[in-house]
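**Student:** Sharing a structure below in structure tokens format, with a few things to ask.
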Amino acid sequence: MARSYYAGIDIGGTKIYVVITDSKGAIIASARKKSKAERGFATVMERVHSCVSEACDMIGIATADITVAGVGAPSPILPNGVAVSAANMGWRKVPLVGKLSSLLGCPVYAENDCNAGTYGEYCLGPGKDAKLLVGLFMGTGLGGGIVVDGKLTSGVNFMGAELGHMTISRGGRICGCGKKGCLEAYASKTGMGYKFKEEILCNKRESILVELTGGVYDNVKSSILKKAWLAKDEVTVETLTEAAEYLGDGVGSIITMLAPDMVVIGGGVFEALGRQLLPIVRRTAKEATYPVASFRDTKICLASLGDNAVALGALEYAKSRFAANGAVG
Ligand SMILES: [Zn+2]
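Structure below.
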């Protein structure tokens with residue numbers, strides 16, 4: 002019997018990451034490339050193609066040998082595979098699935114990256130078998146996803162679940178989306194940038210971040226945040242604690258709204274400092290949950306798939322769509 006191969010593809014503003022798995026779900030090859038998003042959609046698609054080819058070359062197969070490929074991208078994705086809008090890629094209504102399936106020569110399905118990441122935690126991570134699972138991913142921004150009864154929920158127009166853009170402060174900090182006061186503008190590396198600049202530049206506080214970042218406080222690398230936290234840098238500890246508290250407020254609101262059985266928290270910041278930050282999120286979420294709602298029925302835990310979350314989640318999603326379309330995945 003011919004062996005089966007599957008591809009999971011994570012397209013981000015800075016990098017493309019591809020994994021190839023076997024029929025048991027084990028990763029047997031992977032490749033990464035810069036996305037060069039500033040050169041436009043066609044270039045990114047070519048680079049995805051060459052990244053998948055590179056991973057296939059490692060195990061001596063062609064891209065057309067892939068049974069099904071799943072793609073996660075930072076945009077809402079319509080069921081017909083059109084990516085509606087990805088600000089950091091410069092995309093508006095681009096035919097993501099159409100283009101990739103013709104380049105790769107295999108069936109392709111796509112989902113929003115954080116929806117895919119949440120679905121991955123549902124299928125392969127601690128969220129396995131949760132009835133209602135919410136995923137939150139803190140990196141440059143704050144992404145989210147919701148899985149109900151085993152299905153991703155993206156609402157009437159497939160634009161959900163943008164949990165990071167819930168308004169938490171009327172007229173508050175300006176968010177990357179153009180609104181003011183989004184949770185993301187407080188609970189993300191972008192949000193931390195506001196606080197770093199306020200403390201270091203305006204309040205003239207000392208911090209090892211001045212040296213570690215070269216004075217650039219927007220989107221500080223998670224590895225640098227970890228280094229500064231472990232060095233007990235006051236500004237860093239205060240800022241990360243505040244971001245985790247804001248996230249906890251958001252989690253409490255989500256528990257009040259949805260009463261999920263599990264909230265999984267991941268993304269670069271939590272991969273680096275999850276053990277340190279999770280207790281802060283739990284404490285704040287408990288305070289922020291409607292008292293009548295039973296906080297203890299919701300487990301709050303760390304995501305488990307790390308860097309593979311989007312690629313593997315998108316692949317699981319693609320397999321489920323492929324199987325539902327009558328082909329055995
Ligand atoms: Zn926003």
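Note that the sequence shown covers residues 2 to 330 in the numbering used here.
Note that the Cβ used here is the ideal one computed from N, Cα and C, for glycine as well.
Does the segment 248-265 come within contact of the segment 281-295, defined as at least 3 CB pairs closer than 8 Å?
**Tutor:** Counting Cβ pairs under 8 Å, three or more are found: they touch.
**Student:** Measure the Cβ-Cβ separation of V85 and T119 and say whether it is below 7 Å.
**Tutor:** no
**Student:** Measure how close the beta-carbons of K181 and H166 come, nearest whole angstrom, since I'm counting them as under 8 Å.
**Tutor:** Going by Cβ atoms, the distance from K181 to H166 rounds to 11 Å, so no, they are not a contact pair.
**Student:** Using a Cβ-Cβ cut-off of 7 Å (strictly less than) and excluding sequence neighbours within five positions of G330, which residues of its own chain qualify?
**Tutor:** Low confidence applies here, because G330 scores a pLDDT of 41, under 50, leaving its location unreliable; read the following figure in that light. Here the set comprises T68, V69, K320, F323, A324.
**Student:** Roughly how many angstroms separate the alpha carbons of T15 and K35, rounded to a whole number?
**Tutor:** 6 Å
**Student:** Comparing the CB of H166 with every heavy atom of ligand 2, is any distance shorter than 6 Å?
**Tutor:** With respect to small molecules bound, the structure shown includes ligand 1 and not ligand 2.
**Student:** Looking at K180 and ligand 1, is the gap between the Cβ and the nearest heavy atom below 6 Å?
**Tutor:** yes
**Student:** Output the boundary residues of the alpha helix (DSSP H) element that contains C183.
**Tutor:** No alpha helix (DSSP H) contains C183, which DSSP labels as neither H nor E.
**Student:** Among the candidates F296, L248, S223, whose CA atom is the shortest distance from the CA of D262?
**Tutor:** F296
**Student:** Could you tell me if the beta carbon of C115 falls within a distance shorter than 6 Å of some heavy atom in ligand 1?
**Tutor:** no
**Student:** Measuring from the CB of C203, is there a heavy atom of ligand 1 at a distance below 6 Å?
**Tutor:** No.
**Student:** Measure the CB-CB distance between A273 and S305 and report whether it falls below 7 Å.
**Tutor:** no
**Student:** What number of angstroms, rounded off, separates the C-alpha of I266 from the C-alpha of A117?
**Tutor:** 14 Å
**Student:** Going by Cα to Cα distance, which pick from V135, V221, E207, S5 is closest to K300?
**Tutor:** Nearest of V135, V221, E207, S5 to K300, Cα basis: V135.
**Student:** The beta strand (DSSP E) that contains I147, what's its start and end?
**Tutor:** 143-149
**Student:** I need the boundaries of the alpha helix (DSSP H) containing C203, first residue and last residue.
**Tutor:** It is not in any alpha helix (DSSP H) - C203 carries neither H nor E in the DSSP assignment.
**Student:** Considering only C-alpha positions, which residue in the set A260, R171, T22 is nearest to V293?
**Tutor:** A260
**Student:** For the alpha helix (DSSP H) containing V123, list its first residue and its last residue.
**Tutor:** Here residue 123 is Tyr; the residue named in the question, Val, does not match the sequence. First-last of the alpha helix (DSSP H) with Y123: 114-125.
**Student:** Since V19 and A63 are thought to touch, with beta carbons under 8 Å apart, how far apart are those beta carbons, to the nearest angstrom?
**Tutor:** About 14 Å separates the two Cβ atoms, so there is no contact after all.
**Student:** I need the boundaries of the beta strand (DSSP E) containing Y7, first residue and last residue.
**Tutor:** 6-12
**Student:** Out of V270, Q277, V264, V311, point me to the one whose CA is closest to G128's CA.
**Tutor:** V264
**Student:** Does any C-beta atom of chain C lie closer than 7 Å to the C-beta of A117?
**Tutor:** No chain C is part of this structure, which consists of one protein chain only.
**Student:** Would V98 and I10 qualify as a contact pair, given that the criterion is a beta-carbon distance under 7 Å?
**Tutor:** Taking C-beta atoms as the reference points, V98 and I10 fail to come closer than 7 Å.
**Student:** Can you look up V329 in the DSSP assignment and give me helix, strand or coil?
**Tutor:** Unreliable positioning characterises V329 in this predicted model, as indicated by a pLDDT of 48, which lies under 50. A coordinate reading is not provided.
**Student:** So what does V95 bridge to, in DSSP terms?
**Tutor:** A84
**Student:** Closer than 6 Å to a non-hydrogen atom of ligand 1 - does that hold for the CB of E185?
**Tutor:** yes
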